[in-house]
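J.: Residue numbers (our numbering): 50 to 199.
All residues carry an ideal CB built from backbone N, CA and C; glycine is no exception.
Just so it is clear, the structure is predicted and the values come from calculations on it, not from any experiment.
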């Protein structure tokens, strides 16, 4: 396993929002449409359709979160096909797919993917000078785990 992963200057950004946070995410996406237009966008279900409508730009749309979209994003993270996750989640609502959400967030940490879970962290992420250039992300060495005897 390599000890790093290169994020190109054109980032691959996953956009996810729970129902009660979709309007906030769409407002944020519209406000940042100029910056986002320089990157490749992925989104779960309805969020992807709403993003496309808001900024008139193609989005790779996956399944709805509860139907497997969160897991699809997680798979893309593990494959090195997503560089950032912007996930406006609702801390006040129980979700039927909470285990999927936890698994997605865990994979983001395992693969050292920048993640923003609210508007302020998304603003900081998008305005970082690191967004405009290639970036080398250090990866944890899991060789001990992979070579364990079971």
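Give me, in chain order, the residues of the same chain whose beta-carbon lies closer than 8 Å to that of residue 53; leave out the 5 immediate sequence neighbours on both sides.
T.: These residues qualify, in order along the chain: 185, 186, 187, 188.
J.: Grouping DSSP H, G and I as helix and E and B as strand, with all else coil, what is residue 191?
T.: Coil at residue 191, not helix or strand.
J.: By Cβ distance below 6 Å, which residues in the same chain neighbour residue 118 in space, the five residues on each side in sequence not counted?
T.: If we look at residue 118 and ignore the five residues flanking it on each side, its Cβ neighbours are 93, 94, 111, 112.
J.: Between the C-alpha atoms of residue 59 and residue 181, what's the straight-line distance to the nearest angstrom?
T.: About 7 Å.
J.: Consult DSSP for residue 112 and reduce its assignment to one of helix, strand or coil.
T.: If DSSP states are grouped into helix, strand and coil, residue 112 belongs with coil.
J.: What are the boundary residues of the alpha helix (DSSP H) that residue 99 is part of?
T.: From DSSP, the alpha helix (DSSP H) with residue 99 extends over 94-104.
J.: Please list the terminal residues of the continuous beta strand (DSSP E) segment that includes residue 64.
T.: Run containing residue 64: 61-66, per the beta strand (DSSP E) assignment.
J.: Please list the segments of the beta strand (DSSP E) lying wholly inside the region 161-190, counting only runs of 3 or more residues, in order along the chain.
T.: Counting whole runs of 3 or more residues, the region 161-190 contains the beta strand (DSSP E) stretches 184-187.
J.: Is it buried or exposed for residue 169, if we count other Cβ within 10 angstroms and need 16 for buried?
T.: With fewer than 16 other Cβ atoms within 10 Å, it is exposed.
J.: Going straight from the alpha carbon of residue 194 to that of residue 159, what length do you get?
T.: Roughly 12 Å separates the two Cα atoms.
J.: Check the DSSP bridge columns for residue 90 and list the partner residues they point to.
T.: Looking at the DSSP assignment, residue 90 forms a beta bridge with 62.
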